[in-house]
Amino acid sequence: MVLETLLPLAIETLTFFSIYLICSSSLNLQQGYTGISNLGLFFSISSGAYVIAALPTRLAVWLYGIDMDFVYQNALVVSLLNEKFAKDALTPTILLIITFFAAMLVGGTLGYAFTYLSLRLTETYLAVFFLCVAEAIKIFGENFIPLAGGPNGILLPNFFMWLGNYSWIVQSIFFIVIPFIIFVVYERVAGSPFGRLLKAIRENELALQCLGRNTISFKLKVMAFTSAFLAVAGVLVSLRMRSVVAGTFDRVDYSFWPWLMMMLGGAGNNMGCLVGTLVCIIIRRIVYWLKFYLTFLP
Numbered sequence: 003m004v005l006e007t008l009l010p011l012a013i014e015t016l017t018f019f020s021i022y023l024i025c026s027s028s029l030n031l032q033q034g035y036t037g038i039s040n041l042g043l044f045f046s047i048s049s050g051a052y053v054i055a056a057l058p059t060r061l062a063v064w065l066y067g068i069d070m071d072f073v074y075q076n077a078l079v080v081s082l083l084n085e086k087f088a089k090d091a092l093t094p095t096i097l098l099i100i101t102f103f104a105a106m107l108v109g110g111t112l113g114y115a116f117t118y119l120s121l122r123l124t125e126t127y128l129a130v131f132f133l134c135v136a137e138a139i140k141i142f143g144e145n146f147i148p149l150a151g152g153p154n155g156i157l158l159p160n161f162f163m164w165l166g167n168y169s170w171i172v173q174s175i176f177f178i179v180i181p182f183i184i185f186v187v188y189e190r191v192a193g194s195p196f197g198r199l200l201k202a203i204r205e206n207e208l209a210l211q212c213l214g215r216n217t218i219s220f221k222l223k224v225m226a227f228t229s230a231f232l233a234v235a236g237v238l239v240s241l242r243m244r245s246v247v248a249g250t251f252d253r254v255d256y257s258f259w260p261w262l263m264m265m266l267g268g269a270g271n272n273m274g275c276l277v278g279t280l281v282c283i284i285i286r287r288i289v290y291w292l293k294f295y296l297t298f299l300p
């Protein structure tokens, strides 16, 4: 009985931790290593969510010949897609792979583009600029209904339906393994000559420019690289919730919390970032669980 209760809680906590690890470690490479202040982290995350809302579901509707509008007849279409996915392993798997690559492409492109537009801004103004961009994208998502259902959002089909009773196990492994692969990539980047160059940009960008290094190009690469992985986090969040609601991706949950996680573990330290993320997630989940178990306050 205890195991049946604790196992889902442990898996849920580990899933939250893994997804937030992408957010905090991406921010760590931006701010901790390169010195790029980004308060609008959630614009990259939401871009991944919008991709999974707009692309694979419509492709599935077209492939299966379902003559319905995915947004306005969302619940019925999702029900039909779940029935199709339960009998077809290949189509949802291919759609999921396409979604991840498309999300990385969109996230990386947006990260590069908005960084390029803000090259002349100093650190404080840069942070505010990214925050404004993220809020603008959020407002666009909430009001442009064909993208992701507007303020009400949309439901997503279960892309793992073909696994039957084992789908939740595979999903849990999926949500945990991908973020840790990304974390290992960040760790390898941080320990490489490229990572040491990023630290040099953070410490004294002018000195590096005097030595003939194009620091702007390195910043653009970092933002494109990390924004692509942040878009993956957005896809994972949406897959976990099986829905996309634009208002979910706000500055508190997907900008301020990752900042706290990074600062708690120590900026410029990936392992510290991991510990900071773990501490914050455990505290958040404990508070969340307690409100269900404490029936009254003494």
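Just so we're aligned, residue 3 is where the sequence shown starts under this note's numbering, counting upward by one. Positions of the beta carbon are idealized from the N, C-alpha and C atoms, including for glycine.
Strand pairing of residue i, partner residues [DSSP]
i, result
"Leu29", "DSSP output for Leu29 lists no bridge partner at all."
Proximity below 7 Å, CB of residue i to CB of residue j
i, j, result
"Gly109", "Gly42", "no"
"Ser28", "Pro181", "no"
"Gly155", "Ser257", "no"
"Phe18", "Ile283", "yes"
"Ala192", "Ile24", "no"
"Ser46", "Leu232", "yes"
"Ser48", "Phe251", "yes"
"Thr15", "Arg287", "yes"
"Ala62", "Leu83", "yes"
"Leu157", "Val80", "yes"
"Tyr22", "Thr279", "yes"
"Thr101", "Pro58", "yes"
"Leu200", "Ala56", "no"
"Val239", "Gly151", "no"
"Cys275", "Asn76", "no"
"Thr36", "Arg204", "yes"
"Glu189", "Asn271", "no"
"Ile218", "Leu121", "yes"
"Leu210", "Ala202", "yes"
"Ile54", "Val247", "no"
Top-ranked residue by Cα proximity to residue i, from the options
i, options, result
"Lys86", "Tyr66, Ala56, Asp255", "Tyr66"
"Leu128", "Ile175, Leu61, Gln32", "Gln32"
"Leu262", "Leu11, Phe72, Gly34", "Gly34"
"Ile38", "Tyr22, Leu133, Val79", "Leu133"
"Ala230", "Met106, Phe161, Thr95", "Met106"
"Ala138", "Thr124, Phe116, Leu123", "Phe116"
"Gly1", "Leu266, Pro260, Gly249", "Since the first residue of the chain shown is 3 and the last is 300, residue 1 is not available in this structure."
"Gln173", "Arg242, Pro159, Lys221", "Arg242"
"Thr228", "Thr111, Gly268, Ala209", "Thr111"
"Leu9", "Ile147, Trp64, Ala88, Ile171", "Ile171"
Simplified DSSP state of residue i, which is helix, strand or coil
i, result
"Ser49", "helix"
"Val247", "coil"
"Leu157", "strand"
"Ile180", "helix"
"Tyr188", "helix"
"Phe18", "helix"
"Arg215", "coil"
"Tyr74", "coil"
"Asp252", "coil"
"Leu149", "helix"
"Leu43", "coil"
"Gly278", "helix"
"Gly270", "coil"
Start and end residues, alpha helix (DSSP H) containing residue i
i, result
"Ile38", "Counting along the chain, Ile38 falls outside any alpha helix (DSSP H), and DSSP gives it neither H nor E."
"Ile96", "92-119"
"Thr59", "58-65"
"Trp259", "259-267"
"Thr126", "125-145"
"Gly166", "That residue, Gly166, is in no alpha helix (DSSP H); it is neither H nor E in DSSP."
"Ile203", "195-205"
Residue i: CB within 6 Å of a non-hydrogen atom of the ligand ATP
i, result
"Leu92", "For the structure depicted, the ligand ATP is absent and the ligand set is empty, with no information on it obtainable."
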